[in-house]
Every structure is written in structure tokens, then in C-alpha cells.
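J.: Read in order, the letters of the sequence shown correspond to residues 106 to 644 in the working numbering.
Every residue gets a Cβ at the ideal spot worked out from N, C-alpha and C, and that includes glycine.
Quantities reported herein were computed from a predicted structural model and do not represent experimental measurements.
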Amino acid sequence: MKMKKRIYINDWLLFKPYEHPVKTDMYYLRICNDVKRVLCADNNFFTLANRFDEKEINSLACFLTSYFEDIISGTNIWKSFVRVHMRLYNKQLPFYDLQEYYEGEINTQEVCFLTWYFFNTIQDEIFFNPFNPFFLEAAGAVMSVFDDAWDHAPENDDLSSFYRMNDTERDFYAARQFVETVLFRTYLFGIDSIPVLEEKNDEIITKYRNDEKLMFFLNENTDALIHHHRTRLLAFTGKEWAAEIIGESHPLKSDFLEMSPKIQGYFLYKGQDQTDVFIEHIASGKRFHLTKKSFDHADKLKVIDTIIFIGIVKWKGEWWFSGTYFQAPFNKELVAYEKSSIQSRAQVNFLDHQSNDVDEMLKQQEKAFLDFNHGSPIAFLPVGETEGFMKAYMEFFNKSLNLSEKEIKESEERIRKEGMKKPDDQSFDFPEDFETGLVFFNPKSGCEMVFEVNSAFPLPDNPYFRPELSEEHIQCLLMDESISSELVMFCIDNCREELPFFNAGPGQLYLEDIDFLLRFWKRDNYYTLPAVTLIGQKE
106 MKMKKRIYIN DWLLFKPYEH PVKTDMYYLR ICNDVKRVLC ADNNFFTLAN
156 RFDEKEINSL ACFLTSYFED IISGTNIWKS FVRVHMRLYN KQLPFYDLQE
206 YYEGEINTQE VCFLTWYFFN TIQDEIFFNP FNPFFLEAAG AVMSVFDDAW
256 DHAPENDDLS SFYRMNDTER DFYAARQFVE TVLFRTYLFG IDSIPVLEEK
306 NDEIITKYRN DEKLMFFLNE NTDALIHHHR TRLLAFTGKE WAAEIIGESH
356 PLKSDFLEMS PKIQGYFLYK GQDQTDVFIE HIASGKRFHL TKKSFDHADK
406 LKVIDTIIFI GIVKWKGEWW FSGTYFQAPF NKELVAYEKS SIQSRAQVNF
456 LDHQSNDVDE MLKQQEKAFL DFNHGSPIAF LPVGETEGFM KAYMEFFNKS
506 LNLSEKEIKE SEERIRKEGM KKPDDQSFDF PEDFETGLVF FNPKSGCEMV
556 FEVNSAFPLP DNPYFRPELS EEHIQCLLMD ESISSELVMF CIDNCREELP
606 FFNAGPGQLY LEDIDFLLRF WKRDNYYTLP AVTLIGQKE
């Protein structure tokens with residue numbers, strides 16, 4: 106496999122948290138080019154890599170060399186991944202034989218895994234099987250370069266400095282900057298996170314190219330991803346990786362883990378004192394104290410019930426401004442719209458997810474679903490009957506509550522006051538080009554509707570199972586991010602023995618590391634959240 110160009114310093118710096126070369130960079134750049142040379146000399150590697158251009162092969166060489174530099178320099182990035190994987194699965198890595206694995210050193214299995222991760226992260230058109238022998242062969246070639254350099258490779262102290270936090274740091278913005286560095290300026294996560302940022306930015310630029318608020322939208326996109334993006338590796342957020350990288354003994358570790366998701370939306374201004382601005386989330390009615398340490402616009406807020414659009418994050422027990430902000434006069438139409446918006450209310454749902462009320466409601470819904478569906482948590486239906494099934498189930502559930510007429514009226518009044526639509530007013534949108542679907546009661550979220558995967562379930566009550574479509578539907582079930590992990594595990598737990606996919610070949614091998622793979626495939630939806638919005642929860 107012939108490549109025309111060398112890797113240059115600007116290519117290497119794309120994988121660093123700094124912009125200008127430091128004294129060790131030229132050394133590691135030479136390693137990069139050696140890695141590229143041995144990869145391109147392997148004819149078998151060409152079979153795998155012929156889908157990629159030279160720029161991407163250069164990136165692979167920089168990526169793998171950054172791993173080597175990380176181990177040499179003790180930046181604790183790769184070690185953090187290994188440590189978490191060990192904590193979750195009682196082994197250092199997925200997929201590979203670890204009998205000859207050496208803690209704290211470079212390992213062939215690690216290079217093999219990182220090459221697999223790289224190829225499955227920079228593109229999503231095809232899933233590369235981790236057991237493909239090409240990965241092991243490529244790793245062996247790269248390890249020959251790393252082994253030769255191991256004894257005299259220099260530590261990059263400048264790099265290490267970017268992954269330390271002052272023990273006494275209290276400022277939210279320093280913490281946010283650290284999370285941004287971890288997600289977008291770190292070799293291990295940058296190949297995953299940066300393309301997501303750039304893709305969303307491109308969409309924003311296309312839509313708002315001539316809008317004076319273009320930078321507003323771009324800044325908001327970056328801030329949202331800092332707080333909400335989950336990596337393909339273990340479906341962790343940036344704050345979780347930040348907590349791992351600074352280490353177990355660091356006093357800020359728990360603060361990073363307790364940093365809240367970002368709430369963004371419309372609020373009503375309710376007053377202020379010397380330290381805080383009082384705001385009320387319009388959609389939910391929840392009230393917050395925004396610390397003035399983070400907000401320079403308090404003096405511009407004069408009129409109660411002025412509408413402000415703002416993002417807030419809880420850090421070390423206080424709510425801080427994060428992202429973008431603007432204010433507008435009170436607008437009753439906007440207030441009415443926000444109160445009726447499920448999406449806007451969902452911004453604060455995480456505050457109620459730990460509530461016993463949510464757990465109790467899901468248990469009631471699950472019991473009703475099992476009673477309604479003859480004891481089964483899953484129903485297989487033609488698409489045209491799905492809406493009728495859902496409406497009949499909701500009616501059954503409501504009756505199962507045995508509410509008195511007085512309680513029903515009180516419930517309807519609460520819904521009216523909150524500006525919400527009654528369930529009877531809601532409708533379902535189903536894809537017209539699909540023939541079959543299923544409704545699964547997910548004990549962690551509620552009813553889940555999925556289409557065109559019925560042939561993954563060879564169950565007696567599934568008349569739509571077609572063996573010739575089985576593998577295709579299983580692949581969809583596994584890799585479609587919108588489908589819950591709970592439904593996948595229901596399939597594996599109840600259908601595995603009847604499915605050839607899981608009894609031979611890669612599918613059988615996937616089972617040992619299925620949780621890792623589900624995190625990889627379903628990063629944004631791996632952690633299933635209740636599809637429940639409580640009303641009347643003001644605090």
C-alpha cells in the first residue's frame with residue numbers, strides 16, 4: 106500500500122490540547138511516520154484500510170502514537186479507560202486474550218483494540234468485526250515500532266499539565282474548560298467528539314449563515330455538547346472522564362461526578378438578592394437560584410416576569426450560568442406554548458428521576474401492561490394496529506388506578522393548570538413504509554415502540570418472525586441507537602438459543618462483551634431514562 110506524503114507537525118498537533126509544538130513533538134512525529142510506514146508495508150492492512158484516504162491513515166498513525174506518548178508521559182488518559190473497564194467488567198479490555206497483558210506498559214492487545222476503535226469511530230457505514238485478524242496483524246507491526254522506542258522515548262511534561270486540576274479550584278468555568286479539553290482536545294475522545302461538534306456546526310452554519318446570531322448558535326452548540334455528549338467508549342460523559350483522569354484521591358472528583366446536566370430554556374425573572382438571581386423555569390414551574398458569580402447581567406433585570414433564555418448547570422451546590430443568554434418582555438403566548446411543551450419540560454426531568462413517585466408510577470404501568478397483554482412485556486403488531494393498541498392500553502391503565510370521580514377531576518384540573526394536553530388529545534406518528542412493529546414495556550422507561558425488528562424475536566406469540574430476515578433485524582436491534590439496551594437484552598435472554606446469529610461466528614463472540622458493545626452502539630441512549638414527566642413538582 107503506497108502513500109505519497111509524510112505526516113507533518115500540523116497533522117500531529119490536531120491530537121494535542123495545545124496549538125504550538127513543544128520540545129518532544131518532533132520526536133513523536135518521527136514515531137508517527139514510522140508507524141505509518143509499517144502499516145502501509147503490510148499488504149493485509151490494505152484490505153482493511155482501502156476504504157480510507159491518506160489523511161485518515163495519517164490520523165490513525167497520530168492516534169496510535171498519541172497512545173504511546175500517553176503511556177510514556179503518564180497523562181492518565183488511557184489508564185483511566187482501562188481502570189473503568191476493569192471496574193465494570195473485571196478485565197482490562199474487551200474482545201482479546203489478556204493472558205500476556207502487562208499493566209502500565211504498551212500492549213499488543215491495546216493497539217489492536219485502539220485500531221478497531223479508530224476504524225469504527227471515524228465512520229459508521231460499516232461495522233468492523235473486532236475479531237478480524239487484520240487488527241492483530243496491524244497491531245503487531247505497530248508494536249515493533251513502539252518496542253524499539255520504549256527505552257528512550259521522552260516524557261511530554263507539557264502534555265501532562267493539561268490534565269491536572271488545582272485541588273482547591275472552585276470556579277465552574279475552570280471545571281467546564283477541563284471537561285472541554287477532555288472531550289475535544291484529547292486523542293482518545295477527540296476522534297469521537299470532534300466530528301459530532303463539526304457536523305452540528307456545519308448544520309448550523311448552513312441554516313443560519315446570514316443570521317446575525319450565527320455565533321450565538323455555534324457557541325450554544327459547543328456548550329451543549331460539553332455537558333451532554335457521551336463517548337462511544339463506555340457511554341461516559343465528559344465530566345465522568347474528567348473525574349477519572351484527575352484520579353480517585355483528588356478532592357474535586359465527586360464535584361465533577363455531581364455536576365448536573367445542563368438545563369436550557371425559557372425562565373421568568375422573579376427577583377434577586379446580593380448573591381443570587383431568582384428564576385422560574387416556565388415549562389415546569391421549578392424555581393432556581395442563579396449565583397451572581399456566574400452572571401453579569403443581573404443589573405439589567407428590573408421587571409418581574411421578564412422572560413430570559415438561559416442555560417444553567419449545578420456545580421458545587423450552586424446553579425451557574427453556562428452557554429448563552431438573552432431576555433425579552435413577558436409574552437403570554439410563549440408562556441402558554443412552553444407550559445404545553447413536553448420537550449421543554451423534559452429539560453428538568455432528571456431532577457425528578459430519583460423520585461420514588463417516578464419508580465412507583467413505572468411499577469404501576471408495568472403491572473397494568475402485563476395484565477393488559479396476557480402476562481407478556483412485549484406485543485407484536487402490524488403497524489396499523491399499534492396506535493389502537495397504545496390507546497387501549499392507556500385506557501386500561503387509567504381504569505386500573507381506580508380513581509374516584511373527584512380524583513379524576515382533580516387530575517384533569519392539574520393538567521389544565523399546568524397547560525398540558527390530556528392524553529386523549531395526543532396522537533402517534535408511525536412510519537408509513539413499515540409493515541410490522543412491536544410494543545415493549547421497558548421497566549426503566551415505559552412503553553417503547555420499535556418497527557421492523559420483529560424477526561429478531563422467534564417467540565410463540567410473534568406471527569411476524571421470518572427466519573430469512575433474522576440476522577438483519579438482530580443487527581438493527583443491536584446497532585440502532587434509538588432502540589433501548591433493555592429490549593436487546595430481552596431478545597438475548599429469551600431468544601438466544603433459537604437464533605443462529607448468537608450461536609456461531611461473531612454474534613456468539615459478541616455476547617461476552619455485549620454490555621461494552623451496547624454502550625458503544627447506543628452511547629446517547631444506553632442509560633435509559635423514565636419517559637415520565639411529573640407535574641406539580643415546583644422545587
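1) Mind listing, in chain order, the continuous beta strand (DSSP E) runs of no fewer than 3 residues lying wholly within the stretch 128-167?
2) Hey, out of MET248, VAL250, GLU353 and PRO199, whose CA is closest to PHE236's CA?
3) When we look at the beta-carbon of ALA609 and count the other beta-carbons within 10 Å, is it buried (16 or more) or exposed?
4) So what does DSSP say about ILE650, is it helix, strand or coil?
5) Candidates GLY370, PHE545, GLU443 and PHE232: which alpha carbon is nearest PHE595's?
6) Which residue from VAL216, GLY209, LEU193 and VAL189 puts its Cα closest to that of TYR201?
7) Helix, strand or coil: which one does DSSP assign to MET554?
8) What's the gap between the Cα of THR327 and the Cα of SER185?
9) What are the start and end residues of the beta strand (DSSP E) that includes ALA433?
10) Which one of VAL593, SER365 and ILE299 has the shortest CA to CA distance from ASP620?
11) For ILE177, does the three-state DSSP call read helix, strand or coil?
12) Might you give, ordered along the chain, the residues of its own chain that have their beta carbon closer than 6 Å to the beta carbon of PHE361, omitting 5 neighbours on each side?
13) Of the choices ALA388, ASN148 and SER399, whose alpha-carbon is the least far from that of TRP420?
14) Secondary structure at PHE595, three-state DSSP: helix, strand or coil?
15) Confirm, please, whether the CB-CB distance from SER178 to ASP116 is below 9 Å.
16) Return helix, strand or coil for GLU208, following the three-state DSSP convention.
17) Can you check which of these residues, PHE289, ILE309 and GLY612, is closest to PRO300 by C-alpha distance?
18) Give the secondary structure of HIS479 by DSSP, where H, G and I count as helix, E and B as strand, and everything else as coil.
19) Please name the residue, chosen from GLU308, CYS581, VAL558 and LEU330, that lies closest to ASP80 on a Cα-to-Cα basis.
20) Where does THR638 sit, in a helix, a strand or coil, going by DSSP?
21) By a C-beta neighbour count over all protein chains shown, 10 Å radius and 16 as the cutoff for buried, is ASN195 buried or exposed?
22) Who are the Cβ neighbours of GLN377 in its own chain at under 8 Å, not counting the five residues just before and after it?
23) Name the two residues that bound the continuous alpha helix (DSSP H) containing ASP381.
24) On a CA-only basis, which of ALA244, TYR371 and VAL189 is nearest SER715? Give me that one, please.
25) Could you check if ASP175 is buried or exposed, using at least 16 other CB atoms within 10 Å of its CB as the buried criterion?
26) Hey, LEU373 and THR411: beta-carbon distance below 9 Å or not?
27) Closest by CA to GLU161, which one among LEU508, HIS257 and PHE120?
28) Below 8 Å, can you find three or more Cβ-Cβ pairs linking the stretch 122-134 to the stretch 269-277?
29) Looking at the structure shown, is TRP420 part of a helix, part of a strand, or coil, going by DSSP?
30) Just the Cα atoms here: how many angstroms apart are LYS61 and ASN436?
31) Considering ASN547, what are the terminal residues of the beta strand (DSSP E) in which it resides?
32) PRO605 by DSSP, collapsed to three states: which one?
33) Pick helix, strand or coil for HIS394, following the three-state DSSP scheme.
34) With a 10 Å radius around its C-beta and 16 neighbouring C-beta atoms as the bar for buried, classify LYS643 as buried or exposed.
35) Under 9 Å between C-beta atoms, does THR311 make it to chain C?
36) Assign ARG335 to one of three DSSP states: helix, strand, or coil.
T.: Checking against the coordinates, here is how it stands:
1) Residue ranges of uninterrupted beta strand (DSSP E) with 3 or more members are absent from the stretch 128-167; none lies entirely inside it.
2) With distances taken between CA atoms, PHE236 lies nearest to PRO199 out of MET248, VAL250, GLU353 and PRO199.
3) Under this definition ALA609 is an exposed residue.
4) The requested residue 650 does not occur in the structure, where the chain is confined to residues 106 to 644.
5) Of all alpha-carbon atoms in GLY370, PHE545, GLU443 and PHE232, the one lying nearest the alpha-carbon of PHE595 is that of PHE545.
6) Measuring from the Cα of TYR201, the nearest candidate turns out to be VAL216.
7) Three-state DSSP puts MET554 in a strand.
8) Straight-line Cα distance between these residues: approximately 24 Å.
9) That run of the beta strand (DSSP E) goes 423-433.
10) Ranked by Cα distance from ASP620, the first of VAL593, SER365 and ILE299 is VAL593.
11) DSSP places ILE177 within a helical segment (H, G or I) once states are collapsed to three.
12) LYS344, ALA347 and ALA348, listed in sequence order.
13) Nearest option by C-alpha distance: SER399.
14) Three-state DSSP puts PHE595 in a helix.
15) Taking the C-beta atoms as reference points, SER178 is found no nearer than 9 Å to ASP116.
16) DSSP places GLU208 in coil when its eight states are reduced to three.
17) Nearest C-alpha to PRO300: PHE289.
18) In this structure, HIS479 counts as coil in the three-state DSSP scheme.
19) This structure does not reach residue 80, given that the chain is present from 106 up to 644, and the question cannot be answered.
20) Only weak support exists for where THR638 lies, its pLDDT of 45 falling under 50; the value from the coordinates is given anyway. Coil at THR638, not helix or strand.
21) Exposed, because fewer than 16 other Cβ atoms sit within 10 Å of the Cβ of ASN195.
22) So the list reads PHE383, LYS397, ALA403 and LEU406, once near-sequence residues are dropped.
23) Counting along the chain, ASP381 sits inside no alpha helix (DSSP H); it lies in the beta strand (DSSP E) bounded by residues 381-386.
24) Only positions 106 to 644 of the chain appear in the structure, and residue 715 is not among them; the question remains open.
25) By the neighbour-count rule (16 or more Cβ atoms within 10 Å), ASP175 is buried.
26) Yes; because the gap between Cβ atoms is below 9 Å, this pair is in contact.
27) Restricting attention to LEU508, HIS257 and PHE120, the CA atom closest to the CA of GLU161 is found in PHE120.
28) Verdict: no, contact absent.
29) Reduced to three states, the DSSP call for TRP420 is strand.
30) The shown model of the chain, from 106 to 644, leaves out residue 61, and the question about it has no answer.
31) Element bounds for ASN547: 541-547.
32) If DSSP states are grouped into helix, strand and coil, PRO605 belongs with the helices.
33) If DSSP states are grouped into helix, strand and coil, HIS394 belongs with the strands.
34) Caution applies to LYS643, whose pLDDT of 48 falls short of 50 and renders its modelled position unreliable; the value that the coordinates give is listed next. Taking every protein chain shown into account, the CB of LYS643 has fewer than 16 other CB atoms within 10 angstroms, so this residue is exposed.
35) This model lacks chain C altogether; it includes just one protein chain.
36) In this structure, DSSP gives ARG335 an extended state, which the three-state scheme calls strand.
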